[in-house]
Every structure is written in structure tokens, then in C-alpha cells.
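A.B. asks: Input: one structure, supplied below.
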Amino acid sequence: MNRRQLLLLGLGAVSGASTLGLGQWLHHRATRAQQARDRTFPVTGTQPLWQRAAAKGITFGASATRREILEDPDLAQRFVEDCRMLVPANELKWKTIRPSATEYQFEVPDAMLAFAQQHGLIMHGHTLVWHNSLPDWFAETVNASNAEQILVDHVQTVATHYAGQIRSWDVVNEAILPEHDQPNGLRKTPWLEFLGEDYLDLAFRVAHGADPQALLLYNDFNLDFAVRQDERKRRAVLGLLERLTAKGVPIHALGIQGHLSGAQVPHFDAEVMRRFLRDVASLGLKIFITELDVIDKAFPADLSIRDRMVAAAYEDYLSVVLEEPAVVSVATWGFSDRYTWLNSFHPREDELPVRPLPLDENLQPKLAWNAIARAFDQAPPRDPNRGETQQE
Ligand code: G3I
10 MNRRQLLLLG LGAVSGASTL GLGQWLHHRA TRAQQARDRT FPVTGTQPLW QRAAAKGITF
70 GASATRREIL EDPDLAQRFV EDCRMLVPAN ELKWKTIRPS ATEYQFEVPD AMLAFAQQHG
130 LIMHGHTLVW HNSLPDWFAE TVNASNAEQI LVDHVQTVAT HYAGQIRSWD VVNEAILPEH
190 DQPNGLRKTP WLEFLGEDYL DLAFRVAHGA DPQALLLYND FNLDFAVRQD ERKRRAVLGL
250 LERLTAKGVP IHALGIQGHL SGAQVPHFDA EVMRRFLRDV ASLGLKIFIT ELDVIDKAFP
310 ADLSIRDRMV AAAYEDYLSV VLEEPAVVSV ATWGFSDRYT WLNSFHPRED ELPVRPLPLD
370 ENLQPKLAWN AIARAFDQAP PRDPNRGETQ QE
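Written out as C-alpha cells, the structure is:
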């Protein structure tokens, strides 16, 4: 039995008992810490991450903010060394580019696009339609009678502005939330309230009309673990993708965000993930891992253990996900611990800085970097005819 099979067996064994009692779960957590202690994540060669991914037909990149890319030259340099895709973390959101219902401000994302083009990076756009990060004027301006025109105008204007320059878009972000008890598991958002589920069809059709070459994604989170919340979400997302593809809506890929909660890692079930990815791919869709990081607040403070558990989470997840040939792109959410949303959104109780990303705060590669490199090195090559730049 080779290492990968042993790994998957171990993973399967751990996650097979995904209805663990607390005592068992704590035991498993201690075991996983011990297991992680024993793993060293050796890497062969000195190739950067983008090259290891590209060797298998996979695009690798990361999100970054304007500050990281345009105001931190040391980070920007390391970013370009390891990445071939740039995802503006906040700079293409409504709050940033829409100062009013009649105005668009593209200076900041344009500057990030110029940086990407100068360094041979492709850009992934995040995100055309979301319920979050909306400008202050939105709530007092948008209503049932003008919502369609405002949505169409935004998608049309932004996708046209970047046509031929942004390779792929998160067209609609996080539209599914079964806990809201809406039909088809839709999340209660102003878009759903004013336009019904068809707002998704509309967003994709307008984006495709504005930029027929762009790859168009539906993007969401909590799709990763064998827990009830994620299972309900996987089912609802699959239902959405089935309806959109059945209607001939121009959608080309599913974006799986991949914000991996360390506390939930014992509930990762390789076979559950494989089946979900296979079901999505069977619709003719590609799959992007769009916002990968590991939330380490449940892991021990001791860095010699914590960094290994974070690395193990990356490798164990990616080694399963990259078995699916439809997975053609991987992006981490941020690239260095120097800047991560997790310090403010998921801080550790011991108030130690979090360490979720491939580079530490001093831009040095961590075991997480090794783990991602190993996952690309071990991944089967994609079919070159299914390149993620071609729409089928
Ligand atoms: O730039 C302003 C600053 O001027 C102001 O002083 C400060 C105080 O409020 O806010 C700053 O803006 C913040 C922005 O991040 C930039 O740091 C916003 O408040 C804050 O809400 C925003 O959070 C972002 C969040 O999405 C909401 O848009 C995070 O950085 C970003 O990492 C996070 O990313 C999301 C993806 O878009 C979707 N998937 C989940 C992922 C994590 O939540």
C-alpha cells in the first residue's frame, strides 16, 4: 500500500466515524496532532508552486488586496514567484467600485490588473453579485422595481470593462444557505427578495453577453466536510447547478471556496468529497478551489505541532480534490500570514497570530507551502484538451 493509499485509509478511518462523540473527537484530535507531529512534508526540487501546478494542467494563485500587491513590494515579489493568478480580495466588490447608484470607480482594480499583466499573471474576478460588501446607498436605493435594472447595469458595465482581461469570474457568490428555509435552499438576500431565483440566470447571461470568453463560476463555502450543514449545502448547490445547466445558462464552473476549519478536519471524508466533485463534473462543469486556507484556531499553540496540522489539512484535502480531473484551478485566500482575514474574522482564543497560509509573516515558506507543493506533485495530470481557458 503506497503512502497516498495509507493516507486516504487513515483519513477515511478518522472521518468514517464522522458522528464522533466529544470524547472520541478529542481522542481523534490528539491522535491527529500526534500523526501530524510525525509528518515532515518533504518536497523534491525547487520549482515554485505555480510550476508544480502547471505541470499537471492546474492554475495556481492567490487572493491579494491592493495593499499586499501595490504597497508591499516584498510580498508582491514573493507572490509573483509562486503564483500565476491574482484574485483581488475586495477591490472588485460593489463597496469598492460603486460609490453611487450611477457611478463606477475602477482605478484600484485597474491598477491591480496592470500589476497582473506586467508580471504575466491572469486575473480572476471576485465577485459580480453578492449580498455582502454592498455600498451604503444600496439598502436605501434598491427595491423590487429597480433591482433588475441595477443588477444588469452592474454586471454589464463591470464585465464589459474587463472583457478579455479577466479570465474568469465569480459571477454569483454564496447564494445558497439551506438554514434560511427558502425554496431550493436559497439564501435570503435582497436579490432573491426582489427578483426570485432567476437573478442567478440573469447574472450569468448578462456576464456571458458582456464577455463571451470569460469562464463563469458559481462560488460558495461549507462544501467540504461530512457534517450535516455541509451535506445540506452540497445537495442544494448541486440542485442549483443542475437547474442552471438544464436551462442552458452559461455557467462553466463551480467555485469551492475551501476555507477549511481545523476543528472540522476530522470530519473530512474522502469518498464524500470525491462523490460531490464527480457529481459536479458530470454536469460538464469545471471546478475551481477559490479561497483555500486553514482556520487554525482549534489547533495547539505550539508551532511545531500547529504548522504540521495546518500542512496536513492542506495535503489531505488537496490530495483528494486534485484526483478529480475537472479541478483545474487552486487559489489560496491570501498568500502570507502577514495579511489574512482570519486574524480579525477567526482569531485564536490565546490571541496568538494565526498561521493559515503558505508563507509566514516574514514571507518564509512554511510546511503549508510544502504540503501544497506535494499535493500538486502527486496529482494526476489534467487532460490538456480540457484546459480551463476553453469553454466546452
Ligand atoms: O478598507 C476599510 C478601511 O478603510 C476601514 O477603516 C475598515 C474599518 O471598517 O474597513 C476596511 O474594509 C474592510 C475590508 O475587508 C478591507 O480590509 C471591511 O470592513 C471588511 O468587511 C472586509 O472584509 C472582507 C470580507 O470578505 C467582506 O468583504 C475580507 O477582507 C475578505 O477577506 C473577505 O473575503 C470573503 C470573500 O469575499 C467571500 N468568501 C469568504 C471570504 C472570507 O470572508
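The sequence shown lines up with residues 10 to 401 when you count with the working numbering.
By construction, the Cβ of each residue, glycine as well, lies at the ideal position given by its N, Cα and C atoms.
Just the Cα atoms here: how many angstroms apart are F88 and S154?
C.D. replies: As a working mapping, residue 88 is identified with position 79 in the sequence shown. As a working mapping, residue 154 is identified with position 145 in the sequence shown. Cα to Cα, the separation comes out at about 44 Å.
A.B. asks: Is D415 buried or exposed, if buried means 16 or more other CB atoms sit within 10 Å of its CB?
C.D. replies: Only positions 10 to 401 of the chain appear in the structure, and residue 415 is not among them; the question remains open.
A.B. asks: Among S109, V363, L160, which one has its Cα closest to the Cα of W146?
C.D. replies: Stepping through the sequence shown from its first residue, residue 146 is reached at position 137. Closest by alpha carbon: S109.
A.B. asks: Taking the runs of the beta strand (DSSP E) that are 3 residues or longer, which of them lie wholly in the segment 45-128?
C.D. replies: Entirely contained in the segment 45-128, the beta strand (DSSP E) runs reaching 3 residues are, in chain order, 68-73, 94-97.
A.B. asks: Does DSSP put T150 in a helix, a strand or coil?
C.D. replies: Here residue 150 refers to the residue found at position 141 of the sequence shown. Helix, per DSSP.
A.B. asks: Answer yes or no: do V236 and F213 have a C-beta to C-beta separation smaller than 8 Å?
C.D. replies: As a working mapping, residue 236 is identified with position 227 in the sequence shown. As a working mapping, residue 213 is identified with position 204 in the sequence shown. Going by C-beta atoms, V236 is not nearer than 8 Å to F213.
A.B. asks: Go through its chain and collect everything with a Cβ distance to K306's Cβ below 6 Å, but skip five positions before and after it.
C.D. replies: What you label residue 306 is simply residue 297 of the sequence shown in a count that begins at 1. Closer than 6 Å at the Cβ level, and outside the excluded window around K306, lie H355, R357.
A.B. asks: When you compare each of L95, R61, A216, E188 to R391 by their alpha carbons, which one comes out closest?
C.D. replies: In the sequence shown, residue 391 corresponds to position 382, counting from 1. Minimum Cα distance to R391 is reached at R61.
A.B. asks: Given a cut-off of 8 Å on the beta-carbon distance, is the pair Y348 and L269 in contact?
C.D. replies: Position 339 of the sequence shown, counted from the first residue, corresponds to residue 348. Position 260 of the sequence shown, counted from the first residue, corresponds to residue 269. No; because the gap between Cβ atoms is not below 8 Å, this pair is not in contact.
A.B. asks: Exposed or buried, which one is P82 when buried takes at least 16 other CB atoms within 10 Å?
C.D. replies: Numbered from its first residue, the sequence shown carries residue 82 at position 73. P82 is exposed by the Cβ-count criterion.
A.B. asks: Classify L160 as helix, strand or coil using the three-state DSSP reduction.
C.D. replies: Position 151 of the sequence shown, counted from the start, is the residue given in the question as residue 160. Correct three-state label for L160: helix.
A.B. asks: In the structure shown, what three-state DSSP assignment does W350 receive?
C.D. replies: The residue you call residue 350 lines up with position 341 of the sequence shown. If DSSP states are grouped into helix, strand and coil, W350 belongs with coil.
A.B. asks: Exposed or buried, which one is Q273 when buried takes at least 16 other CB atoms within 10 Å?
C.D. replies: Here residue 273 refers to the residue found at position 264 of the sequence shown. It counts as buried.
A.B. asks: Looking at C-alpha atoms only, which residue of L95, V161, A125 is the closest neighbour of H133?
C.D. replies: Working through the sequence shown from its first residue, we reach residue 133 at position 124. Comparing Cα positions, the closest option is L95.
A.B. asks: Is H170 helix, strand or coil by DSSP?
C.D. replies: The count along the sequence shown starts at 1 and reaches residue 170 at position 161. Residue state, collapsed to three classes: helix.
A.B. asks: Would you kindly work out how many angstroms separate the C-alpha atoms of F69 and A340, rounded to a whole number?
C.D. replies: By one-based count along the sequence shown, residue 69 stands at place 60. By one-based count along the sequence shown, residue 340 stands at place 331. Using only the alpha carbons, I get a separation of about 6 Å.
A.B. asks: Where does A388 fall in DSSP's three states?
C.D. replies: By one-based count along the sequence shown, residue 388 stands at place 379. Coil.
A.B. asks: In the DSSP assignment, find the unbroken beta strand (DSSP E) run with S338 in it and report its ends.
C.D. replies: By 1-based counting over the sequence shown, the position of residue 338 is 329. Counting along the chain, the beta strand (DSSP E) containing S338 begins and ends at 336-341.
A.B. asks: Counting C-beta neighbours from all protein chains within 10 Å, is the total for K197 16 or more, i.e. buried, or is it exposed?
C.D. replies: On the sequence shown, position 188 is the one that residue 197 refers to. Classification of K197: exposed, given that the 10 Å Cβ count is below 16.
A.B. asks: Whole angstroms is fine: what's the gap from N152's alpha carbon to L137's?
C.D. replies: Taking the first residue of the sequence shown as 1, we reach residue 152 at position 143. Taking the first residue of the sequence shown as 1, we reach residue 137 at position 128. Approximately 18 Å, taken between the alpha carbons.
A.B. asks: Just to confirm the assignment, what range does the beta strand (DSSP E) spanning T299 have?
C.D. replies: For the purposes of this step, residue 299 is identified with residue 290 of the sequence shown, where counting begins at 1. Unbroken beta strand (DSSP E) run through T299: 295-304.
A.B. asks: Would you mind reading off the limits of the alpha helix (DSSP H) that contains R243?
C.D. replies: Within the sequence shown, the letter at position 234 stands for residue 243. It spans 237-255 - the alpha helix (DSSP H) in which R243 sits, taken as one unbroken run.
A.B. asks: DSSP on T138, reduced to helix/strand/coil?
C.D. replies: In the sequence shown, residue 138 corresponds to position 129, counting from 1. The question names Thr, yet the displayed sequence has Val at residue 138. In the structure shown, V138 sits in a strand (DSSP, three-state: E or B).
A.B. asks: Going by other Cβ atoms of all chains shown within 10 Å of its Cβ, with 16 needed for buried, is P192 buried or exposed?
C.D. replies: For this step, residue 192 is matched to residue 183 along the sequence shown. Burial call: exposed.
A.B. asks: Regarding E300 and the ligand G3I, is the C-beta to nearest heavy atom distance less than 7 Å?
C.D. replies: Here residue 300 corresponds to residue number 291 of the sequence shown, with the count starting at 1. Under cutoff, so the answer is yes.
A.B. asks: How long is the line joining the alpha carbons of P389 and K65, rounded to whole angstroms?
C.D. replies: On the sequence shown, residue 389 is found 380 positions in, with the first residue counted as 1. On the sequence shown, residue 65 is found 56 positions in, with the first residue counted as 1. Computed Cα separation, rounded: 7 Å.
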